[in-house]
Structures are given as C-alpha cells and as structure tokens.
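Here the sequence shown is numbered in my numbering, starting from 37 and rising by one per residue.
C-beta: ideal position from N, C-alpha, C; glycine also.
Note that the coordinates shown come from a computational prediction; the quantities given were computed from them, not determined experimentally.
Beneath this line is the structure, given in structure tokens, with notes to follow.
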Amino acid sequence: MTRSVVTIDRHIIEMERRFPEATGALSNLLYDMALAAKLIAREVRQAGLVDILGTTDKVNVYGEQLKKLDEYAHDVIFRAFDHSGVLCVMASEEAEGPIAIPERFPVGKYVLLYDPLDGSSNIDANVPVGTIFSIHRKVSDAERGTLEDLLQPGFRQVAAGYVLYGAATMLVYTTGQGVYGFTLDPSIGEFLLSHPEIRMPSPGERIYSVNEGNTLHWDAAHRRLVDHLKGLDGANPKPFSLRYVGSLVADVHRTLLYGGLFFYPGDRKNPQGKLRLLFEAAPIAFLVEQAGGRATDGRRRILDIEPESLHQRTPLYLGSPPYMELLERVLAETPTEAMA
C-alpha cells in the first residue's frame, strides 16, 4: 500500500487544526520559511556554476568576511518575511542590531531570529551548510518591535528549526508539538514529510562530536572527557567514535537522528563559548529537547538562559540523556580551571 504523501503545507495545516484558536499567522511564517529554504537550496546547488562561491568585500558583526552565499541567504530570508504583516521585527546573525520591518508594510505579533547560512566557511569545499531559525511572540508594547522582543529566553520560543543543505535538502522544525523532518523533492519542488515525530535514540550510537583542533585551549576537565570517551583512561571499555563535520546543522542533525553527544565548550580562546545563543544554541536546544534529548551550557539548561545581548555567545552541550549524564559526571570529577 502506498504511503500517504504529506507536503509541508498539508502538515502545517493539520497541526494548526489542533488549535481552534489559531489565527494562521504562525503557519504563514512556516510557509515563508519553506519558500526561502527552496530559494537558498537552489543557489547552494548551483553555487559552483554561477560564481556565487567565495567572499565579498563586506564583514559581519563578528569581523568575519561575508561569503557571497551568506549575503544572498540573508537577503532571501529578509525579503520572504518583510511584507507578510506577521512579523514586528527580525534579527540576523549577519546584522549588528534589530532589523526593522519597512514602514510601507504592516506588522504583526511575531519575532524572527535567523542564522542565514551556518557553516558557510565550508561552502567552497561543498560541505553541508544550513539555515537556523527561531520564532517568538512579541512581548513589548511597541507596535513595530524592539530589542526587548528579540532578547527572550529560549523557553519562550513558539517555533524553531533548521534547513540542512546537503546530499538532500531537509527542513526540520518544531512548534513544541514534536519534531518533524521534511525532504525537498526537487522534481516537484515540494518538501515532503520524511521523518515524522523524530525522537533522539537513547542512549543511541556511541558517537561524540567536537572540534578536537581546539584541544590546546581546553581545560583539564575537557581533555579528560575526550580521553574517557576514546577509552584512553582505561575506565571506558566501549570507546566512542568521533564524527565531526564542522557545520553545526550537519553535526546536530546526525546527533538528532542517531543519538550520541555534541559539544562546543568554552576554552581559553573563547571563554564564553563560540556559538551564538539566540541564533544557534536556543533554537537547536528547543529541537533537541522536543526530540527527547538535553541541551545545556555545562551548568544550566540552554532554554533557561536570559540573554543580555543580541549576539551573546555560549558553550553548548547536547545529546541523549544517558550520555549527557556521563559527560556531566566526568567533567565534575576534574577540578575546574579558570579561563583566562
């Protein structure tokens, strides 16, 4: 018997029916994100053919040189949402401050934060990259949205997700009612439900994902943790295998499907961590928790952190609960060193 074909549009409509009071505004945001993802996916596929690889002469708020596709993805997402009348303000990892909705367009009650092309340093090597997004409700009294609306803790997210541009293009999202994955069928131009109700295996495969190139900058606790995972300390008879792409969306996607651990700790080079709380860690944490996993900064739940600035950074540890407990135990057994 042929399995029912469920497009992302149909899925969003069916999920909306669970909430009779829904206005359709959040659904419209998700439709627009799916459209933006298709446009970005098209350019990623053709990047090597149309001279969109390489860098521009612009730098982002972190002093990083913008890739051409970074800039394109940023603009596509902005233009997919600026006119809809559903958002009151936006923020992008590539922009220093809040992004206002143009005065000629109406505004709504939602807020969008997005990382237009995460892992863009890998673009020229044809390594998977991704888009990450986070949606909140407006909390300020200002009609057109303010910084206050953007600086909300992760537990207030009403939706979050990512798009993975790899061998296939996948859109994975949650509205707090489970995690669903859709694969883009390029022959019909539709995202089709391919991964319903994603649950992170527990404990899952014995895989850990971390950039061991930073070992020199780690404290003793993190060096011991990796030695333990590898079985080098003699206390772990079943060593873990290392899998690290270097693209957050790709590494998280694998962990979501197969279990294991992913961590990007603070170190002597980046004491506060390197990942952005609002644009990367919070939306990823929402997905991970909805799939049955855990996500922390090493001390507290990522979704409980009250952001103090738009581009605040944080360490990130995530994975299946049994392996997260192992990670926390090993780290706690080693005295903490001060990060200078």
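Using C-beta distances below 6 Å, list every residue in its chain close to Leu378, excluding the 5 sequence neighbours before and after it, in chain order.
Nothing in the structure corresponds to residue 378, since the chain is present only between 37 and 376.
Does the distance from the C-beta atom of Pro189 to that of Glu79 stay below 8 Å?
no
Taking the beta carbon of Leu367 as the centre, do at least 16 other beta carbons fall within 10 Å, making it buried, or is it exposed?
buried
Compare the C-alpha of Tyr146 against each of Asp160, Gln193, Asp111, Gly155 and name the closest.
Ranking Asp160, Gln193, Asp111, Gly155 by Cα distance to Tyr146 puts Gln193 first.
Out of His172, Ser157, Ser223, Gly295, which one is the CA nearest neighbour of Leu314?
His172
Using only alpha-carbon positions, find the residue among Leu149, Glu132, Lys274 that is nearest to Asp118.
Of Leu149, Glu132, Lys274, the residue nearest in Cα terms is Leu149.
Would you mind stating whether Phe298 and Thr291 have Cβ atoms separated by less than 8 Å?
yes
Which residue from Leu339, Pro351, Thr332 puts its Cα closest to that of Tyr359?
Thr332
How about Thr205 and Leu229: are their beta carbons less than 8 Å apart?
no
Just to check my reading of the structure: Gly197 and Leu323 have Cβ atoms closer than 8 Å, yes? What is that Cβ distance to the nearest angstrom?
Indeed they touch by this definition, with Cβ atoms about 7 Å apart.
Taking buried to mean at least 16 other C-beta atoms within 10 Å of its own C-beta, is Phe114 buried or exposed?
buried
Within the continuous alpha helix (DSSP H) that includes Pro273, where are the two ends?
Neither: Pro273 is in no alpha helix (DSSP H) and is coded neither H nor E.
Taking a contact to mean a Cβ-Cβ separation below 8 Å, would you say Thr211 touches Leu62 in this structure?
yes
Got a sec? Which residues, its chain only, sit under 7 Å from Leu89 by beta carbon, not counting five neighbours each side?
Low local confidence applies: a pLDDT of 49 at Leu89 is under 50, so the model's placement there is unreliable, with the coordinate-based value given in what follows. Contacts found: Ala83, Lys104, Ile159, Asp160.
Considering only the alpha carbon of each residue, which of Glu361, Gln326, Arg337 lies closest to Pro232?
Gln326
Tell me which residues share the same chain as Ala77 and place their Cβ nearer than 7 Å to its Cβ, disregarding the 5 neighbours each side in the sequence.
Tyr201, Thr205, Leu220
I'd like the ranges of any beta strand (DSSP E) spanning at least 3 consecutive residues and lying wholly in the stretch 106-134.
DSSP assignment within the stretch 106-134 yields the following whole beta strand (DSSP E) runs of 3 residues or more, N-terminal first: 123-128.
For Pro358, which of helix, strand or coil comes out of DSSP?
helix
Buried or exposed: Ile168, going by 16 or more other Cβ atoms within 10 Å of its Cβ?
Buried: at least 16 other Cβ atoms inside 10 Å.
Between the alpha carbons of Pro351 and Ala73, how many angstroms are there, rounded?
The straight-line gap separating the alpha-carbon atoms of Pro351 and Ala73 is approximately 27 Å.
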